[in-house]
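Take 1057 as the starting number for the sequence shown in the numbering used here and just add one per residue.
Virtual Cβ for every residue (Gly too), placed ideally from N, Cα, C.
Quick caveat, the model's predicted, so the values are computed rather than measured.
Input: a single structure, listed below in structure tokens.
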Amino acid sequence: MSLKNNDCSINIEIKKVKDFWEENPLTSYEIKEELGSLDFFKEHDRIKYEDIDKYTIELHEFDKHQNEFVLDLGCGPGFFSRNYAKNNAKVVSVDLTFNAVKLVKKSFSLFNLKGIMIEANAENLPFKNCSFDFICCVGVLHHTPKTEQAIKEIYRVLKPKKNAIISIYYRNILLTKIGWHFTKFFAKLLLNSLPEKRRNLLAAESPEDFVRCYDGNENPLGKLYSKKEAFDLVNMFKIKKYSVHYFPMRFSKILNNLPGFIHKMLDKWLGVLIFLTLEK
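Laid out in structure tokens, this is it:
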């Protein structure tokens, strides 16, 4: 892994994204423990394992990158970074926000892990061509203004014949024009445990506004992609496999009590993220 000279300038639009996530690290809305404490990271990881990434863990192949350079792009509080590091990958954690980089550093110290943490924009990465053996960029690209440019950067810094995994918001049937009225009605009925900072979700007037507000009332940007749009976005790669996942349960007392097999079906058929494993 090697660095390049990088233009650190940041446009106004992405500054809004940066400012929001600086103040609102992933899952911080719902975790009562002190941000950056051992208990915070344990609870963050529990949420990731039991809800957000319950059916996608195997896609990340944590145990298959020993001694490889792995880029966790948009690392947030560092769930993926820690899991790759625990399996002896050479992890580089990158996030747009200083707060996320600080959190990952703290967690690596608490869990006695080794890695490199860098604050950088996914649209202009500070690495030379072909620097990484594997790239993980999950739930990130739909938040950056120039998503296509960020995809090009992933392609550029990935080594030939190596893989990346990405996920972006997926326009499932509930988030189409046909399904939207149904979604609005049942969201108000079922999402009865939303944190206060996510409550604007229930007043969303469009699918795009719905996914934007899912990450927070003041979140400035969230994008939705159909399957075709997602495939077109990554057309410089070979798509090795794709799948749809993530039907959030933890904000609904009703849904959270459903049997596991029903949750798995909802995850597969009504998931709001499309995951793509890509080869350069």
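Assuming residue i and residue j make a contact with CB atoms under 8 Å, what is their CB distance in whole Å?
{"i": "V1150", "j": "L1129", "result": "5 Å"}
{"i": "L1155", "j": "P1081", "result": "As written in the sequence, residue 1155 is Asn, which differs from the Leu given in the question. 6 Å between Cβ atoms; contact."}
{"i": "T1333", "j": "K1283", "result": "In fact, because the Cβ distance is near 15 Å, the residues do not count as touching under 8 Å."}
{"i": "Y1302", "j": "I1113", "result": "Actually they are not in contact, since the Cβ atoms of Y1302 and I1113 sit about 12 Å apart, beyond 8 Å."}
{"i": "L1007", "j": "T1203", "result": "This structure cannot speak to residue 1007, because the chain is shown only from 1057 to 1336."}
{"i": "L1169", "j": "A1141", "result": "4 Å"}
{"i": "N1144", "j": "F1118", "result": "Their Cβ separation, rounded to whole angstroms, is 10 Å, which puts N1144 and F1118 out of contact at 8 Å."}
{"i": "F1076", "j": "N1275", "result": "6 Å"}
{"i": "L1166", "j": "L1094", "result": "5 Å"}
Grab me the residues of residue i's own chain with a C-beta within less than 7 Å of its C-beta, minus the 5 sequence neighbours each way, in chain order.
{"i": "E1099", "result": "I1087 and E1089"}
{"i": "H1199", "result": "V1073, L1277 and G1278"}
{"i": "N1256", "result": "C1269 and N1273"}
{"i": "C1064", "result": "Confidence at C1064 is low in this model, with a pLDDT of 37, below 50, so its placement is unreliable and no value can be given for it."}
{"i": "M1305", "result": "D1107, L1311, N1312 and H1319"}
{"i": "G1132", "result": "P1081, L1082, D1151 and A1156"}
{"i": "E1078", "result": "T1153, F1154 and N1155"}
{"i": "F1293", "result": "Y1211, L1334, E1335 and K1336"}
Using only the alpha-carbon positions, how far apart do residue i and residue j sit?
{"i": "D1323", "j": "R1212", "result": "32 Å"}
{"i": "P1216", "j": "K1233", "result": "40 Å"}
{"i": "K1336", "j": "I1174", "result": "24 Å"}
{"i": "E1209", "j": "N1291", "result": "14 Å"}
{"i": "F1331", "j": "P1182", "result": "25 Å"}
{"i": "R1138", "j": "S1163", "result": "8 Å"}
{"i": "A1286", "j": "L1197", "result": "11 Å"}
{"i": "L1214", "j": "C1186", "result": "5 Å"}
{"i": "L1314", "j": "K1110", "result": "15 Å"}
{"i": "D1101", "j": "F1135", "result": "6 Å"}
{"i": "G1171", "j": "F1238", "result": "45 Å"}
{"i": "A1206", "j": "Q1122", "result": "26 Å"}
{"i": "L1245", "j": "I1103", "result": "23 Å"}
{"i": "F1317", "j": "K1184", "result": "45 Å"}
{"i": "L1280", "j": "L1250", "result": "21 Å"}
{"i": "E1179", "j": "Y1298", "result": "23 Å"}
{"i": "K1161", "j": "Y1105", "result": "21 Å"}
{"i": "F1241", "j": "K1120", "result": "43 Å"}
Between residue i and the rest of its own chain, which residues show a CB-CB distance below 8 Å, the 5 nearest in sequence each way excluded?
{"i": "L1247", "result": "L1257, L1258, F1307 and S1308"}
{"i": "I1066", "result": "For I1066, the predicted model reports a pLDDT of 46, less than 50, meaning its position is unreliable and no value from the coordinates is stated."}
Enumerate in chain order the residues of its own chain whose CB-to-CB distance from residue i is below 6 Å, with the five nearest sequence positions on each side excluded.
{"i": "K1253", "result": "Y1085, G1272 and N1273"}
{"i": "F1125", "result": "M1057, K1146, F1188 and D1189"}
{"i": "W1236", "result": "P1263"}
{"i": "F1266", "result": "A1260"}
{"i": "N1061", "result": "The pLDDT assigned to N1061 is 42, lower than 50, so where the model puts this residue is not dependable; a value taken from the coordinates is nonetheless given after this. So the list is empty, once near-sequence residues are dropped."}
Given 8 Å as the limit, is there contact between the stretch 1182-1200 and the stretch 1217-1224, that is, 3 or more CB pairs closer than that? With three or more CB-CB distances shorter than 8 Å, the stretch 1182-1200 counts as touching the stretch 1217-1224.
Would you check if there are 3 or more beta carbon pairs closer than 8 Å linking the stretch 1223-1240 to the stretch 1313-1328? Under the three-pair Cβ rule at 8 Å, the stretch 1223-1240 counts as touching the stretch 1313-1328.
Note down, one range per segment and in chain order, each beta strand (DSSP E) of at least 3 residues found wholly within the stretch 1141-1181. Within the stretch 1141-1181, the complete beta strand (DSSP E) segments of 3 residues or longer fall at 1146-1151 and 1172-1175, listed in chain order.
Every unbroken alpha helix (DSSP H) inside the stretch 1077-1145 [4 residues or more]: The stretch 1077-1145 contains these whole alpha helix (DSSP H) runs: 1094-1103 and 1135-1142.
Residue ranges of each beta strand (DSSP E) within the stretch 1207-1260, 3 or longer: Whole beta strand (DSSP E) segments, 3+ residues: 1214-1225.
Quick one: complete beta strand (DSSP E) runs, 3+ long, within the stretch 1270-1329? Fully enclosed beta strand (DSSP E) runs of no fewer than 3 residues occupy 1294-1301 of the stretch 1270-1329, in order along the chain.
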